[in-house]
Each structure stands twice: as structure tokens, then as C-alpha cells.
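Undergrad:
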Amino acid sequence: MNAKKAKILILLVLTVTQTVYVSLCEHPHILRSAWLVNPVYLDGDITDAKEWIDAESVELNIGTNYGRSPPFLETKIWAKNDLNDLYLLYRIEFPYGSYDLDDQAFIYYLIYNGTSGFIATDKSTVGQLGSPQDQYDYDGAIWINDIPTGENNVEGMGHYDGTFYWFELKKPLHSGDMCDWLFETGETYGYANSPIDKSEHLCVGLYDESQGYNIQNFIQLIIAKPSIEDFTPVGGELAPVQKAEIIRVLLLRLITYLTVILCCIVSVKKLI
Ligand SMILES: [Ca+2]
Ligand SMILES: [Ca+2]
Ligand SMILES: [Ca+2]
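Quick look at the structure:
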């Protein structure tokens with residue numbers, strides 16, 4: 002084997018190795034939020050056929066012990082965002098006989114400080130009849146309400162249709178009250194997939210009020226960023242902005258005007 006072939010082989014092996022590594026490390030529950038097109042009416046239900054059609058979704062099983070122990074509940078979560086807010090729709094399959102009007106959906110975010118505490122914590126909870134809760138300052142056991150230090154920035158409602166729990170939740174990407182997450186468009190949040198992993202935790206789930214425990218799992222959330230297609234210019238299409246294009250258009254117009262003037266002069270001379 003000559004040096005060139007050996008070099009190609011090494012590059013091939015490195016490429017394949019990297020692909021396998023990335024695929025092995027990829028989070029199992031990636032939720033890619035979509036850019037919001039249709040508005041959400043927070044009634045805890047799919048209000049009309051268009052309301053959530055523009056969102057992306059992830060399917061996962063939630064359970065006790067961070068999704069590792071029963072009961073396991075088949076869950077689907079949709080997400081979309083605009084520049085200001087994140088919108089989530091939960092659909093959680095739940096046994097009819099265990100239904101409880103006090104069961105609630107939640108999402109929480111933890112950033113560990115490298116030892117036993119946290120740099121930042123934020124939890125959002127919505128009940129079926131509303132009563133959203135916005136919390137922070139988790140110490141590993143207890144959450145503190147944002148109020149009075151900050152504000153309650155959570156909105157949403159839910160209901161049970163006999164097969165599924167449905168919840169809608171709205172939260173600012175960055176409320177600025179110092180008690181909430183600070184999410185930015187285009188960024189990825191939540192890398193942990195195990196309770197002993199000290200990477201960022203982003204967990205979603207259901208609080209079973211009658212049992213007194215969380216049924217949950219880890220997700221990774223990618224916040225959508227706006228693209229040029231998301232902004233419809235007022236009055237029609239975007240005008241060409243490149244300098245060469247502008248000069249080309251001006252020259253075409255100038256030639257057209259000169260041709261018209263020349264034709265007029267020739268016509269007038271013929272008449273005279
Ligand atoms: Ca709705
Ligand atoms: Ca909070
Ligand atoms: Ca807050």
C-alpha cells in the first residue's frame with residue numbers, strides 16, 4: 002500500500018469512527034422545537050386542526066425512577082417557539098381507573114455546579130384547571146415558588162379524554178426574573194440521560210397526585226431559530242439587495258428610457 006492509499010484509509014477510518022461516536026452519544030429523546038406559525042390558544046386541548054400542525058414532536062416512555070421503572074406511560078410531546086416563548090403540548094396515555102383531576106404536567110431544568118449543588122434551576126407545572134406554578138431554587142428535594150422573588154411566567158391548562166392526558170404549557174425563553182431558564186434560539190438544552198449524569202438535566206413528566214410521585218424522563222430540546230422564510234416582507238417579495246444586481250436593473254431601465262426617447266425623436270423627425 003502506498004502513502005496516498007494509506008492516508009485515504011486513515012481518513013476513512015476517522016470519519017467512520019466519528020460518525021459511530023456521534024450516533025452512540027446522541028440523546029435518545031431529542032425534541033426539535035419548530036418555529037411558530039400558528040398561534041396557540043391555551044385551553045389544554047387541540048383547539049383546531051391548525052393549532053399544532055406546525056410543531057415538531059418526540060415520542061418517549063416516561064416512568065418512575067427517571068423513566069426506568071413502572072408505571073411506564075407512552076408519551077408524545079410537541080414543541081414550537083417564537084422569539085419570546087416556548088410552547089409545549091403533552092399527550093400522555095394514562096389508565097382510566099387511575100385518573101385524578103389533580104394530576105399535573107411539568108418540565109424542569111437543572112444546571113449542576115460540579116459538586117452537589119446547582120448553578121440554576123427552573124420548574125414549570127400546569128394543572129388541568131390551570132393553576133400554573135413557576136418554581137426555582139431546587140436543593141435536591143424542595144422547590145421554591147418564584148413569587149415573591151420573581152414572577153409566575155407559566156401559562157397553561159390540561160384535561161383527560163378517557164385515554165390521554167393533554168396539557169398545553171407556555172413559558173418565556175428568557176423571562177428575566179432571575180428565577181427561570183435562559184434559553185436562546187438555535188441552542189440545545191438538556192444533555193443528561195441518567196440521574197447520575199451531572200450534565201444539564203431537562204426532564205418532562207406527570208406528577209401523579211394520588212400516588213405522590215413523578216413519572217418522568219429526560220429530553221433534549223433544540224430551540225428553533227428564525228430563518229428568512231419566517232419573515233414575510235410587508236407588501237410582497239424582498240427586493241434584490243446585491244450591488245451588482247441593483248446596477249444591472251438601473252442599466253436596463255436606462256437603456257429602456259433611451260430607446261423610447263430615441264424612437265420618439267425619430268418619429269417626430271419623420272413627421273416634420
Ligand atoms: Ca389549544
Ligand atoms: Ca422558575
Ligand atoms: Ca419566573
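Residues in the sequence shown are numbered from 2 upward in steps of one, following our numbering.
The beta-carbon is built from N, C-alpha and C at its ideal position, and this holds for glycine as well.
Because the structure is a prediction, the values reported are computed rather than measured.
1. Nearest chain C C-beta to Ala121 closer than 9 Å, yes or no?
2. Go through its chain and collect everything with a Cβ distance to Asn62's Cβ below 8 Å, but skip five positions before and after it.
3. With Pro227 and Thr189 assumed to form a contact (beta carbons below 8 Å), what rounded beta-carbon distance in angstroms separates them?
4. Pair every Cβ in the region 105-120 with every Cβ in the region 203-214, then say whether three or more of these pairs are closer than 8 Å.
5. Rounding to the nearest angstrom, what Cα-Cα distance links Thr260 and Asn85 in this structure?
6. Could you compute how far the alpha carbon of Ile256 sits from the alpha carbon of Ile266?
7. Which of helix, strand or coil does DSSP assign to Ser58?
8. From the DSSP secondary-structure annotation, give me the bridge partner or partners of Gln134.
9. Beta-carbon separation of His30 and Asn194 under 9 Å?
10. If you reduce the DSSP assignment to three classes, tell me which class Ser228 lands in.
11. Does DSSP classify Ser117 as helix, strand or coil?
12. Helix or strand or just coil, what does DSSP make of Ser200?
13. CA-CA distance, Glu156 and Glu169?
14. Are Ala87 and Ser58 closer than 9 Å when you measure CB to CB?
15. So what's Ile112 in DSSP terms, helix, strand or just coil?
16. Whose CA, out of Gly128, Leu130, Ser200, Trp79, lies closest to the CA of Trp36?
17. What are the start and end residues of the beta strand (DSSP E) that includes Tyr192?
TA: So, to answer that:
1. Of the chains in the structure shown, none is chain C; there is only one protein chain.
2. Here residue 62 refers to the residue found at position 61 of the sequence shown. Excluding residues within five positions, the ones whose Cβ falls inside 8 Å are Gly68, Phe73, Leu74, Glu75, Thr76, Asn218.
3. Taking the sequence shown and counting its residues from 1, the one referred to as residue 227 is at position 226. Taking the sequence shown and counting its residues from 1, the one referred to as residue 189 is at position 188. The Cβ separation is near 17 Å, so there is no contact.
4. yes
5. In the sequence shown, counting from the first residue as 1, residue 260 sits at position 259. In the sequence shown, counting from the first residue as 1, residue 85 sits at position 84. Straight across, the Cα-Cα distance linking Thr260 with Asn85 is about 53 Å.
6. The residue labelled residue 256 in the question sits at position 255 within the sequence shown. The residue labelled residue 266 in the question sits at position 265 within the sequence shown. Taking the straight line joining both Cα atoms gives about 15 Å.
7. Taking the sequence shown and counting its residues from 1, one reaches residue 58 at position 57. Reduced to three states, the DSSP call for Ser58 is strand.
8. Looking up residue 134 in the sequence shown gives position 133. Per DSSP, Thr126.
9. Stepping through the sequence shown from its first residue, residue 30 is reached at position 29. Stepping through the sequence shown from its first residue, residue 194 is reached at position 193. A contact, by the Cβ cut-off of 9 Å.
10. Counting from one through the sequence shown, the residue named residue 228 turns up at place 227. Coil.
11. Position 116 of the sequence shown, counting from 1, holds the residue named residue 117. Residue state, collapsed to three classes: coil.
12. As a first step, residue 200 is located in the sequence shown; it is residue number 199 there, counting from the start. Residue state, collapsed to three classes: coil.
13. By one-based count along the sequence shown, residue 156 stands at place 155. By one-based count along the sequence shown, residue 169 stands at place 168. Looking at the two C-alpha atoms, the distance is approximately 8 Å.
14. The residue labelled residue 87 in the question sits at position 86 within the sequence shown. The residue labelled residue 58 in the question sits at position 57 within the sequence shown. The sequence given here has Leu at residue 87, not Ala. Cβ distance not < 9 Å, so Leu87 and Ser58 don't count as in contact.
15. As a working note, residue 112 is residue 111 in the sequence shown. Here Ile112 sits in strand by DSSP.
16. Taking the first residue of the sequence shown as position 1, residue 36 is located at position 35. Considering only Gly128, Leu130, Ser200, Trp79, the residue with the shortest C-alpha distance to Trp36 is Trp79.
17. For the purposes of this step, residue 192 is taken as the residue at position 191 of the sequence shown. It is not in any beta strand (DSSP E) - Tyr192 carries neither H nor E in the DSSP assignment.
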